[in-house]
Amino acid sequence: GAVVSQHPSWVICKSGTSVKIECRSLDFQATTMFWYRQFPKQSLMLMATSNEGSKATYEQGVEKDKFLINHASLTLSTLTVTSAHPEDSSFYICSARPGTGRGEQFFGPGTRLTVL
Amino acid sequence: GESVGLHLPTLSVQEGDNSIINCAYSNSASDYFIWYKQESGKGPQFIIDIRSNMDKRQGQRVTVLLNKTVKHLSLQIAATQPGDSAVYFCAEKQTGANNLFFGTGTRLTVIP
Chain A
299 GAVVSQHPSW VICKSGTSVK IECRSLDFQA TTMFWYRQFP KQSLMLMATS NEGSKATYEQ
359 GVEKDKFLIN HASLTLSTLT VTSAHPEDSS FYICSARPGT GRGEQFFGPG TRLTVL
Chain B
2 GESVGLHLPT LSVQEGDNSI INCAYSNSAS DYFIWYKQES GKGPQFIIDI RSNMDKRQGQ
62 RVTVLLNKTV KHLSLQIAAT QPGDSAVYFC AEKQTGANNL FFGTGTRLTV IP
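Here it is as structure tokens:
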């Protein structure tokens, strides 16, 4: 149980284009989902927290107009990187927290974004 | 500010030996802790968690110990196997907070 999927697993795009990443909780309902970014050999950096049906809460320094987050249902959250630039290249990982539980978060497999 | 850190960035152990990965946290308001395992190119995998009202919790081949007095968390892996090679992160959740704070990670390498 507690499986989280992400799609796509990797994407290469041209500078200036937008990329959408999907995060799904497959066997549980997630009232809260989180989006992280991870650079090579570094820890996870929280970008934003999203609650189903409400606006996401962004961490300091994360541009909300650049990283659009939508949490339209209890099993789906999307992250759209708008007008991507090479510096946006990174490993993006989502996590989901079950509505019932101890507060644990389960992570997706990550999406490798490369902006040319 | 608050931080969750690790004493050792790398750890090498012989296959079959026990591994101990340590983590220090600085916020006494943290009430929930999780250990994650991350293999290269993959998302973190939940290993085991513990609440602050406990000092020990056991899973399959893993044990988490929590010492609130010195704000120290450890993950013990019994009979370490090559498949245990990965980066291990501790994460803490502060009381009332919505999200986890992650430590810097420890790379565990198992020598066959």
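Going line by line, the protein sequences match chains A and B. Using our numbering, the first residue of the first sequence is number 299, and each one after it goes up by one. Using our numbering, the first residue of the second sequence is number 2, and each one after it goes up by one. Idealized CB from N, CA, C, for every residue including glycine. Keep in mind it's a predicted model, so treat the numbers as computed, not measured.
DSSP-derived helix/strand/coil call for residue i
i                 : result
Asp386 of chain A : helix
Val111 of chain B : strand
Pro396 of chain A : strand
His8 of chain B   : With a pLDDT of only 46 at His8 of chain B, under the threshold of 50, the placement of this residue in the model should not be trusted; the figure read from the coordinates follows. Residue state, collapsed to three classes: coil.
Asp85 of chain B  : helix
Ser323 of chain A : strand
Leu372 of chain A : coil
Lys43 of chain B  : coil
Glu90 of chain B  : Strictly speaking, residue 90 of chain B in this sequence is Phe, with Glu absent from that position. Strand, per DSSP.
Thr315 of chain A : coil
Phe337 of chain A : coil
Asn23 of chain B  : strand
Ser303 of chain A : strand
Leu411 of chain A : strand
Ala328 of chain A : strand
Ala346 of chain A : strand
Asn54 of chain B  : coil
Thr105 of chain B : coil
Thr378 of chain A : strand
Cross-chain neighbours of residue i in chain A, by beta carbon under 7 angstroms
i                 : result
Gly106 of chain B : Ser341
Ile35 of chain B  : Glu402
Residue-level contact to chain E via CB, residue i, 8 angstroms cutoff
i                : result
Lys94 of chain B : Absent here is chain E; the protein component of the structure consists of chains A and B.
Of the listed residues the options, nearest to residue i (C-alpha basis)
i                 : options                                : result
Leu344 of chain A : B:Thr81, B:Gln82, B:Lys94              : B:Lys94
Gln46 of chain B  : B:Tyr26, B:Asn100, B:Thr96, B:Ala92    : B:Ala92
Arg62 of chain B  : B:Leu76, B:Ile51, B:Ser53, B:Asn68     : B:Leu76
Glu390 of chain A : A:Thr373, A:Thr380, A:Arg410           : Looking at the sequence provided, one finds Tyr at residue 390 of chain A rather than Glu. Looking at the Cα atoms, A:Arg410 is the closest of the given residues.
Ile51 of chain B  : A:Arg400, A:Ala346, A:Gln340           : A:Arg400
Lys312 of chain A : A:His383, A:Ser323, A:Ala346, A:Thr355 : A:His383
Leu342 of chain A : A:Lys353, A:Val379, A:Ser393           : A:Ser393
Phe405 of chain A : A:Thr376, A:Cys321, A:Thr315           : A:Cys321
Leu366 of chain A : A:Thr380, A:Thr347, A:Leu372           : A:Thr380
Ser388 of chain A : A:Leu414, A:Leu372, A:Thr355           : A:Leu414
Within chain A, partners of residue i - CB distance below 9 angstroms
i                : result
Arg1 of chain B  : The structure shown has nothing for residue 1 of chain B, since chain B only spans 2 to 113.
Lys38 of chain B : The contacting residues do not exist; Lys38 of chain B stays about 11 angstroms from chain A at best.
Beta bridge counterpart(s) of residue i as assigned by DSSP
i                 : result
Ser353 of chain A : First, the amino acid is wrong: residue 353 of chain A is Lys here, not Ser. Answer is none; Lys353 of chain A lacks a bridge partner.
Ile48 of chain B  : Ile48 of chain B is not bridged to any residue.
Lys38 of chain B  : B:Gln46, B:Tyr89
Ser31 of chain B  : B:Gln95
Val14 of chain B  : B:Val111
Thr134 of chain B : With chain B covering only 2 through 113, there is no way to say anything about residue 134 of chain B.
Chain B contact residues for residue i, given Cβ-Cβ distances below 8 angstroms
i                 : result
Ile391 of chain A : Gly44, Pro45
Gly373 of chain A : Looking at the sequence shown, residue 373 of chain A is not Gly but Thr. Neighbours of Thr373 of chain A on chain B: none; closest Cβ ~17 angstroms, over 8 angstroms.
Phe405 of chain A : Tyr37, Gly44, Pro45, Gln46, Phe47
Listed by chain order, chain B residues near residue i by CB distance under 9 angstroms
i                 : result
Thr330 of chain A : Asn99, Asn100
Gly314 of chain A : By Cβ distance, chain B contributes nothing, its closest Cβ being about 27 angstroms from Gly314 of chain A, past 9 angstroms.
Does the stretch 323-333 of chain A come into contact with the stretch 13-22 of chain B, if we say contact requires no fewer than three beta-carbon pairs (one atom in each stretch) closer than 8 angstroms? These segments do not touch.
Are three or more beta carbon pairs between the stretch 301-309 of chain A and the stretch 349-368 of chain A nearer than 8 angstroms? no
Looking at C-beta atoms only, is the number of pairs between the stretch 24-31 of chain B and the stretch 81-88 of chain B that lie closer than 8 angstroms three or more? no
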